[in-house]
Each structure stands twice: as C-alpha cells, then as structure tokens.
Amino acid sequence: MTASKDTASDISKTLMVIDGHSMAYRAFFALPAENFQTATGQHTNAVYGFLSMLLAMIREQKPTHVAVAFDLDTPTFRSERYSEYKAGRDKTPEEFSGQIDLIKKVMDALQIPSIEVDGYEADDIVATMSTNAAAAGWDARIVSGDRDTFQLINDNVTVLYPMRGVSELPPFDADTIVERYGVTPAQYPELAALVGESADNLPGVPGVGPGFAARWLKKYGSLKGVLDHIDEIGGKKGDALREHLDAVKRNRELNALVTTLELPLSLEEAVLVSPDRNKVSELFDALEFNTIRDRVFTTFDQHLGGAEESEPDVDMPETALIDNLDDWQAFLVGVNEPISVYFHINPPATITRRKIPAPGDYGEIHALGFSTSDATAVIDIDQASAELGLTVAAFLADERYTKVVYDLKTALKALATAPSHSVLPAQRDVNTSIIGVADDVLLSAYILQPDRRGYELADLVQTYLNARLNTVPTSQNQGQLVLEGVNDDNAAQLAQYARNAWMIHQLNDIMGSTLEERGSVELLHDLEIPLSVVLAKIELIGIAIDRQRLDNLLAGFTSEVDKAQESAYASIGGDQVNLASPKQLQIVLFETLDMPKTRKTKTGFSTDADSLADLLEKTDHPFLHNLMAYRDATKLRQTVQGLLDSIADDERVHTRFSQTAAATGRLSSLNPNLQNIPVRTPAGRQIRDIFVAGTNPCVDEPTTLLTADYSQIEMRIMAHMSEDDGLIQAYKDGEDLHRFVGSQVFDVEPDEVTTSMRDKVKAMSYGLAYGLSSFGLSRQLRISVDEARELMSSYFDRFGAVQRYLRNVVRQARKDGYTQTMLGRRRYLPDLQSDNRQLREMAERAALNAPIQGSAADLIKKAMLGVQERLEADGLKSRMILQVHDELILEVIDTEIETAEQILVEEMSAAANLLVPLDVQVGKGYSWHEAAH
DNA sequence: CATAGTACGTA
DNA sequence: CGTACGTACTATGG
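Numbering (full-length UniProt numbering), first residue to last: 1 to 933.
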C-alpha cells in the first residue's frame with residue numbers, strides 16, 4: 001500500500017459485519033443443493049453462495065474491516081424470556097447442516113474473524129459491532145437478511161439486505177426504510193412489535209399490518225406514544241391492540257438488539273488482510289471449488305493491492321521507419337526470436353465493419369508493422385521500393401524467420417490478390433506466401449475464450465495487456481518517424497502499425513504461456529493455424545453460380561411473393577398491412593380478426609410460424625394461409641437476392657468462414673452465409689441448384705461437385721463418449737439407428753417400429769444432446785408431458801450410459817468451470833454457478849451440447865486438413881470449396897472423381913478413431929442439389 | 001444512423 | 001422450457 005492510501009484510510013474506515021447464519025441460509029435456498037456436492041456427498045451450495053456474496057460485497061462496498069457473526073446453539077436471553085421464541089420453525093434441511101462449519105473454516109482461511117457470543121444471537125453481535133464502529137467514526141455495513149437490523153440504521157450504518165437470492169443486496173438507509181415502511185429506522189422495531197414476526201414465532205396484533213402500525217406510530221411518534229394513547233384508538237383494530245398489549249410489549253423487548261456486548265476482539269482486529277493462500281487452496285480442494293478460487297484471490301488482490309498492482313502501460317521500444325534494404329537488414333540482424341508482423345490492410349477485415357467490401361475484394365496491404373522484444377519497425381508499402389517489397393515478401397515466405405501474426409487468413413488473402421501496382425507482388429499460393437507462423441493471436445484468443453464477442457486487436461490488448469491500442473503514439477516513438485517526406489499524419493499512422501506489431505508480440509507472450517498451461521498448444525498449431533490456411537484457399541476459390549438459374553428463381557419467388565401478398569390483403573378486406581411487421585400483424589390477428597392469443601413475446605403476441613400453424617388449426621382463416629405463403633416466398637426471395645448481390649466478377653460466390661465466431665468450435669459462414677442455404681422444402685432445394693461445378697483455371701476440363709457428409713456425427717460422438725454398449729453395437733452392426741432405438745424404447749421388434757415411433761425416437765435422440773426437457777419434447781411431438789416423460793424414461797432405461805454421460809458432463813463442467821471436446825477445446829461456462837435459474841439451466845444445456853457439437857467440429861476440421869493435404873500431395877487439381885458443419889463440398893475435375901471420392905471417405909473416416917465407425921456419405925452432380933444423395 | 005426485437009434458414 | 005450460428009426486416013431512440 002502506498003503512503004497516501006494509508007492517510008486516506010485513516011479517516012474513513014468501513015466495517016462490514018455479516019450475519020453469517022442468515023446469509024448462509026439465504027444462499028442455501030438460492031442455489032440448488034443437488035448441484036453442489038463433493039465426491040464425498042458433502043453439500044456446498046450455501047458455502048459457495050455465501051462466498052460469492054462475500055466477494056461481491058468486498059468488491060462493491062470496499063470495506064477495510066470485515067467480520068462474520070454466528071449464532072450458537074445454546075439458549076439465549078430471548079428463549080429464556082419467551083420459551084416459544086423461534087419455535088415452530090421448519091426443521092433445518094439436512095443438506096444445510098455442516099455447511100455453517102465449512103463457512104467458518106473458509107472465513108478462517110480468508111483471515112476473516114468469525115464471532116460468537118454465548119447467550120446472544122448473531123444479531124446482537126452485529127448490533128454491537130456496528131454501534132461501536134459508528135461511535136469510532138467509521139462507516140458500517142451490515143449484511144443481514146434479518147429485518148430487525150433495520151433499527152441499527154443511521155447516517156453511519158447501512159444495511160445490505162438480500163433481495164433476489166444472494167445476488168442482489170441493495171443498501172437500505174434511513175430514507176429507504178421511510179420509503180418502504182413509512183417509519184424511521186428507530187421506529188421500525190416498534191412497527192415489527194405491533195405487526196409481529198412469524199419467523200421468530202412472535203405473533204403481533206391480529207389484523208394489524210405494517211400500514212396501520214405505521215399510521216399509529218406516525219400519529220403518536222413512538223410505541224410509547226401509541227400505548228399512552230391506547231384508549232383513543234377506536235375500531236376493531238384498537239380493540240385488538242388493547243387485547244394483545246402484552247404480546248406487543250414482549251415483542252418489543254425481544255426484538256431490541258443488544259449493542260453493548262463484550263466482544264472477544266476489537267474492531268481493529270477485523271481488519272481485512274490477504275487470505276492464507278495455502279489454507280484456501282487446501283480447503284477449496286476439499287470442497288471441490290475450482291472456478292471460484294481465482295475469483296477469491298483476484299478480488300482480494302485488487303481490493304488490497306490498490307494502485308501498485310495496476311499494470312503500467314507497456315513500454316514500447318522506438319520505431320524505425322524502414323525504407324531501404326540497409327535499414328531492413330539492420331532490423332533483422334541478430335534476431336533469433338519470433339518476429340511479430342502486423343498487416344495493415346484496407347479495407348480492414350473486421351467483421352463488425354459496417355461497409356461490406358465488394359464481392360471478391362480482399363483488401364490491400366498498405367503497410368507492415370514489425371516487432372521483436374526490443375525493437376519495432378514499420379514499412380510503408382505504398383512508398384517502398386520494388387526491391388524492398390521483394391525482400392519483405394521473401395522474408396514472409398522464409399520459414400527460418402518465425403512469425404507471430406494477427407489474423408493470418410486475411411493476410412494470406414490480401415497477399416494472394418495484391419494488385420499489380422503494389423511492391424508486394426501477389427502470392428497466389430497461400431501454402432508458401434507466409435510461412436513459419438508460430439502464432440496467430442486471433443486464433444489463440446479464440447482458443448482461450450471461444451465465447452468472446454469481439455476479437456479485434458484493440459479488444460485483445462484491452463483484455464490481456466491492460467493497455468490501450470489506439471492511444472496516440474508517444475512523442476518518443478513518433479519522433480523517430482518524423483522524417484523528411486513523411487508528413488505528421490502519416491507518421492502517426494505508421495507508428496500505430498508498429499505499435500500494433502508490438503502489441504501482437506506482447507499478446508503472444510502472455511497467450512502462449514496460458515495456452516501451454518492449458519495444454520492447448522496443439523489445438524492451435526496442428527489444427528487452427530493450418531486450417532486458416534485451408535480456409536484462405538477455400539474462400540479465394542469460391543463456388544460457381546449459375547446466374548441464369550438464379551435470375552429465374554428470383555423472378556419466380558418474386559411473383560409468388562406478390563401473389564401471396566395480394567391474396568393476403570384480399571382475405572382481410574383489402575387492408576394493406578405490412579406483412580413483414582409483427583406489430584401490424586398483431587393488430588390484424590388479435591384485434592381486427594380477434595383470434596385466440598398465442599404465446600407472449602416482449603412486444604405482444606407471437607406471430608411466428610408455429611403460432612400461425614396453431615391459429616390456422618383453430619380458426620382456419622385464409623389470411624393465415626396467405627401470410628405463411630408470403631413468409632415462405634419472401635424468405636426464399638431474400639436468400640436468392642442475397643446470393644445475387646454477392647456474386648464476384650468471376651461469377652463465383654466467396655463466402656468468408658469465421659474461425660472465431662462459434663463458442664463450440666464450429667466455423668461460421670458470412671457474406672453470404674452458405675451454411676444456411678435451404679434444403680428441407682422442394683422450393684428451397686431449387687436454390688441449391690444454382691451452386692454448380694465451375695471452371696478450374698488450372699485445367700480446361702469439365703468438373704463436377706462432390707459432396708461428402710458424416711451421417712449422424714453427433715449421435716456417434718455421443719455413443720462414443722458415453723460408451724453405451726447398446727448404441728455402440730447398433731452402429732457397429734450398421735443398423736438404422738432410430739429404428740433400433742425405437743425397438744428398444746417401445747419394446748418391439750425392429751421391423752415393428754412404426755414411422756411415428758421412429759420419428760419420436762429420432763426427435764428425442766437429437767434433443768438429448770441439446771438438453772431437451774420432457775416439456776420441450778412434449779411440445780415438439782405434440783404429445784402430453786406425461787407421455788414425453790414416459791418416453792424419456794424408457795429411453796434412459798435402455799441406454800443408461802447415455803444418461804450417466806450427460807449427467808456427468810454437467811457435473812464435471814460445474815467442477816472444472818469448463819467443458820472439453822475430444823481435442824481439448826474448452827468452453828468456459830461461469831453461469832453454471834449462477835443463482836439465476838434461467839441462466840444456470842441455459843448454461844447446463846450448453847455444457848451438455850458443447851462437447852458433442854465441439855467434438856464434431858474438431859473432427860471435420862481435422863478431416864479438412866487431411867483432405868486438403870491428400871489432394872495436394874497427390875497432385876490433384878480438384879479443390880475443396882465449402883464446409884457446412886458435417887459436410888464438405890469439392891469441385892472436382894471429372895477425371896479425378898474416383899480418386900477424390902476415395903480421399904474424402906478415407907480422410908473423413910480417419911479423422912478420429914471412435915468406438916463406433918464414422919459413416920461418410922458421398923454424392924456427385926453438376927449442382928449442389930444434384931450432388932446431394 | 002445504430003440498436004433491439006422478431007422471424008427463419010442451416011447443422 | 002433444445003444447442004450452435006447469420007441475415008433481413010421493422011420499429012425505436014438518438
């Protein structure tokens with residue numbers, strides 16, 4: 001701590017005193033006990049909830065002193081005064097017992113005193129401490145779920161009272177009490193005495209609630225005032241008061257908190273210090289607390305560390321502006337560490353960019369920033385000589401120089417399509433243009449945190465380096481750049497690029513070691529980085545479009561839209577509502593036509609396809625039919641229009657695969673999204689007919705599209721991971737899986753499984769991997785919840801290993817804080833610990849699904865590497881052009897069809913060695929539609 | 001002009 | 001009250 005901080009804290013100390021029992025009890029009911037159990041069966045939900053509450057309070061309230069008060073089991077003066085005190089309470093749940101002792105142990109490890117006083121309750125300790133603190137001129141914060149503590153509130157004392165579980169503890173000051181109860185804090189126990197407190201088994205005056213009690217207290221100033229004028233109070237309530245006078249007096253006596261206890265420690269002894277790390281670690285091991293451990297340490301570190309721990313801005317070396325070969329050589333000489341390279345590309349390839357670049361435009365490299373650990377440099381490509389350009393290109397292609405980059409794929413594409421005026425010559429072959437890449441910090445960040453929203457360099461710097469990327473360069477590093485012929489603006493820009501390279505260097509340092517700790521280095525080096533090269537190729541190649549067919553489709557869908565729109569208007573008397581506006585539709589459906597209400601949305605009632613189908617069943621109104629036709633047609637039209645708009649000059653569509661978008665490890669496709677091209681309906685499938693085999697620039701020979709997809713990849717992964725004998729055997733025998741499962745679940749012979757049985761089982765099997773509930777299953781299959789539950793239980797009876805696996809996935813994730821795929825790809829799910837049920841259950845379903853979906857993603861990524869490598873090693877001209885999660889699409893030279901087919905099947909099947917075979921289905925045809933089998 | 005909300009296509 | 005995405009549209013707030 002710095003000296004200045006000490007002086008400041010001398011005059012403002014804050015004591016936080018917690019009613020341990022009351023808060024533990026609240027925490028116990030806020031978090032489900034069954035989710036917090038150690039291997040030995042000890043429940044820990046109250047401990048966990050209490051601890052996370054404590055951390056939040058330390059963060060928010062920043063107390064200098066903390067103590068926790070506990071009740072003892074021994075009689076108190078209250079129970080001796082009134083034998084019924086706190087009688088009739090529900091028995092403490094078994095899962096709660098023992099957790100108080102654990103909390104005391106945790107407090108001990110955190111070096112926070114636990115205080116107990118024989119004959120008194122925790123409340124009295126709280127009262128005494130807060131009173132003492134206030135007397136000493138400190139601030140006091142009481143954390144308690146007991147409203148009796150409200151009487152302690154004054155200018156120096158605030159009560160933090162739990163509202164929702166233990167996640168929200170709004171501060172109650174005198175104003176809050178007046179606002180909520182209409183009395184002052186001092187009057188509050190008097191009000192409570194009149195009303196009674198059922199939790200303490202203290203009945204008050206029957207028929208008198210807080211409203212009347214407050215009115216009386218206001219009128220007569222205090223309870224004494226009320227009692228002095230007791231005869232003036234009329235009505236039934238007045239009679240009741242006179243009748244229950246003794247109870248009121250007793251209540252007031254009992255709810256008065258003792259503020260004059262002899263405590264076993266002084267206020268100063270409650271000073272907050274660093275936890276005993278060894279004790280904490282040991283204890284948390286036993287409690288199986290893994291995710292909260294870091295939170296404990298960082299919370300205390302940040303809270304106690306103050307300014308001295310905040311990261312200083314990264315001290316960047318001076319930047320050399322390189323514009324000749326000698327400078328370049330000087331920069332490189334003696335370097336034997338990775339060199340980070342920042343590619344300044346226009347337009348920037350950021351996903352968030354509003355303006356979508358023209359189809360086929362991959363940007364141009366205008367400048368390059370470089371950094372080692374002790375030097376930075378920048379080259380203005382637009383000003384560089386052809387000679388320097390060639391040298392830099394050679395450097396990038398020289399594997400002896402290890403490189404660290406940000407967004408390799410984008411750089412490869414820009415380099416591959418460099419314009420002829422650039423001194424960096426276009427390097428069409430992305431296999432060789434940039435090699436020796438040890439790290440792409442974009443991909444590293446994705447592996448470390450796959451559910452981040454943004455991965456822009458500035459975001460990563462913010463997260464990992466605690467420094468700002470876009471600050472103006474310091475005069476120090478800019479000074480070097482103010483050279484003749486370089487204006488200030490440009491110099492600042494160029495300095496920024498060097499700075500970016502420096503940041504990439506720093507990011508690599510930090511992320512590299514984290515990846516190593518996690519054992520994720522292989523995922524980066526052997527999967528994601530090589531994959532980004534393959535993706536660069538795929539994106540550059542694109543897929544050919546039959547524009548004629550596309551134009552015809554557009555015309556056809558457009559006329560269908562018009563037709564449906566006219567019919568829709570006609571069916572509601574010519575009212576020209578905007579059929580694309582849910583808001584206007586709600587008026588038509590639920591007001592004008594007065595149809596039955598559908599499920600609620602944030603803005604009214606739903607008009608989605610399911611709801612419309614329900615309404616159609618109930619009302620049979622032609623408008624619904626027309627609206628659905630309109631929706632279908634517009635959706636198809638917009639898909640077609642989107643494709644039309646994204647055709648590049650080569651008459652091909654070049655989607656971009658985002659390698660960092662999906663938290664599970666999947667790729668995503670954008671501009672346009674080719675992973676959601678319709679396939680289910682006949683009209684939709686027409687769109688697949690416009691993706692065709694195109695001409696291959698390397699050979700003037702006819703081509704064909706080849707598709708290969710994994711059949712039931714996720715089910716197979718589930719069979720593998722759960723090691724369920726039944727499922728494994730079914731796959732080994734090559735059975736119709738859903739028929740087999742159907743025969744087991746319904747206990748009939750496989751050939752007796754009806755279509756309806758098979759459909760139900762299929763929906764359930766897939767649903768299981770998503771955390772489907774019996775409610776969800778019942779809704780989807782339009783059966784009763786009981787029937788759905790029945791279905792699920794017979795499924796789990798037959799496939800018990802699946803149920804055990806699914807349970808265990810969530811249990812393990814809760815313990816570790818993350819899920820893991822077959823290749824060790826992690827997904828962190830902090831919400832598994834949330835006391836918000838909806839959030840927690842969402843996280844549980846995500847935990848269920850992530851290893852399955854993610855492992856499937858791992859598999860096909862690995863297969864893509866294998867396929868690409870084989871195609872090239874065998875010297876084939878055929879090219880991989882698309883991936884749709886479980887499907888690969890190749891544009892093959894007709895003479896290579898058989899070889900390519902073989903490569904696909906072999907490489908995709910060999911992507912993993914599972915307990916079940918991997919079935920790969922192949923198809924071929926002129927169009928994507930025809931190639932589907 | 002950016003954001004939220006709804007809807008809907010895929011695996 | 002089933003996971004994972006991206007895009008288009010309307011409505012709204014600035």
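The beta-carbon is built from N, C-alpha and C at its ideal position, and this holds for glycine as well.
{"Check": "C-alpha gap between T707 and V692, whole angstroms", "Outcome": "12 angstroms"}
{"Check": "Buried versus exposed call for M163 [16 or more other C-beta atoms within 10 Å across all chains shown]", "Outcome": "exposed"}
{"Check": "Contacts around G542, its chain only, beta-carbon distance under 6 angstroms, and the 5 residues preceding and following it disregarded", "Outcome": "R652, V653 and H654"}
{"Check": "Within the region 54-106, ranges of the beta strand (DSSP E) (whole runs, at least 3 residues)", "Outcome": "65-69"}
{"Check": "Three-pair Cβ contact test at 8 angstroms for the region 818-838 versus the region 521-537", "Outcome": "yes"}
{"Check": "E387, enclosing alpha helix (DSSP H) - first and last residue", "Outcome": "A386 to L396"}
{"Check": "Coarse secondary structure for M842, derived from DSSP in three states", "Outcome": "helix"}
{"Check": "Chain-order list of residues whose beta-carbon lies under 6 angstroms from that of H344 (same chain, five-residue window excluded)", "Outcome": "H366, A367 and Y497"}
{"Check": "Where V333 sits in the DSSP three-state scheme", "Outcome": "coil"}
{"Check": "First through last residue of the beta strand (DSSP E) which encompasses V248", "Outcome": "Careful: V248 lies outside any beta strand (DSSP E), inside the alpha helix (DSSP H) at L245 to N255."}
{"Check": "Nearest to L102 (by Cα), restricted to the options F395, E179, K279 and E253", "Outcome": "K279"}
{"Check": "Spatial neighbours of S310 in its chain, beta-carbon cut-off 7 angstroms, leaving aside the 5 residues before and after", "Outcome": "Any reading at S310 needs caution, since the residue's pLDDT is 41, under 50, leaving its predicted position unreliable; the model's value is listed next. Closer than 7 angstroms at the Cβ level, and outside the excluded window around S310, lies no residue."}
{"Check": "Cβ-Cβ distance between L202 and N154 below 7 angstroms", "Outcome": "no"}
{"Check": "Cutoff 6 angstroms; reference P338; Cβ partners in own chain excluding five residues on either side", "Outcome": "T402, V404 and A438"}
{"Check": "Nearest to R912 (by Cα), restricted to the options R779, Y710 and R840", "Outcome": "The residue asked about is misnamed: residue 912 is Ala in this sequence, not Arg. When only C-alpha atoms are compared, the closest one is Y710."}
{"Check": "Three-way DSSP call (helix, strand, coil) for V577 in this model", "Outcome": "coil"}
{"Check": "Alpha-carbon to alpha-carbon, S834 and Q449", "Outcome": "19 angstroms"}
{"Check": "Beta-bridge pairing of M880 - partner residues as DSSP gives them", "Outcome": "L890"}
{"Check": "Span of the beta strand (DSSP E), counted from its first residue to its last, around A708", "Outcome": "T703 to Y710"}
{"Check": "For G98 and F77, the rounded distance between their alpha carbons", "Outcome": "25 angstroms"}
{"Check": "Continuous beta strand (DSSP E) assignments of at least 3 residues falling wholly in the region 266-329", "Outcome": "319-321"}
{"Check": "Same chain, Cβ closer than 7 angstroms to S878, neighbours up to 5 away in sequence not counted", "Outcome": "L871, L890, E891, V892, I893, E896 and A900"}
{"Check": "According to DSSP, residues forming a beta bridge with R652", "Outcome": "A544"}
{"Check": "Outcome for V699 when other beta-carbon atoms lying within 10 angstroms are tallied against a minimum of 16", "Outcome": "exposed"}
{"Check": "Under 7 angstroms between C-beta atoms of S765 and A788", "Outcome": "no"}
{"Check": "Three-state secondary structure (DSSP) of T471", "Outcome": "Interpretation of T471 is limited by its pLDDT of 45, a score under 50 that renders its predicted location unreliable; the figure taken from the coordinates is listed afterwards. DSSP places T471 in coil when its eight states are reduced to three."}
{"Check": "Cβ-based neighbour list, T505, same chain, cut-off 6 angstroms, excluding 5 preceding and 5 following", "Outcome": "The question names Thr, yet the displayed sequence has His at residue 505. Excluding residues within five positions, the ones whose Cβ falls inside 6 angstroms are S340 and S371."}
{"Check": "Cα-Cα separation between G726 and F740, rounded to whole angstroms", "Outcome": "9 angstroms"}
{"Check": "Contact check, T64 vs K13, beta carbons under 7 angstroms", "Outcome": "yes"}
{"Check": "Burial state of residue 936 (16 or more Cβ within 10 Å)", "Outcome": "This structure leaves residue 936 out entirely; the chain is present only between 1 and 933."}
{"Check": "Spatial neighbours of N671 in its chain, beta-carbon cut-off 7 angstroms, leaving aside the 5 residues before and after", "Outcome": "I356, S646, T655 and R656"}
{"Check": "Span of the beta strand (DSSP E), counted from its first residue to its last, around F590", "Outcome": "Note, F590: premise wrong, no beta strand (DSSP E); not H, not E."}
{"Check": "At least three beta-carbon pairs within less than 8 angstroms, the region 568-578 to the region 633-640", "Outcome": "no"}
{"Check": "DSSP three-state assignment for M163, whether helix, strand or coil", "Outcome": "coil"}
{"Check": "Extent of the continuous alpha helix (DSSP H) to which K13 belongs", "Outcome": "It is not in any alpha helix (DSSP H) - K13 carries neither H nor E in the DSSP assignment."}
{"Check": "N673 - partner residues in DSSP beta bridges", "Outcome": "Partner(s): none; N673 has no beta bridge."}
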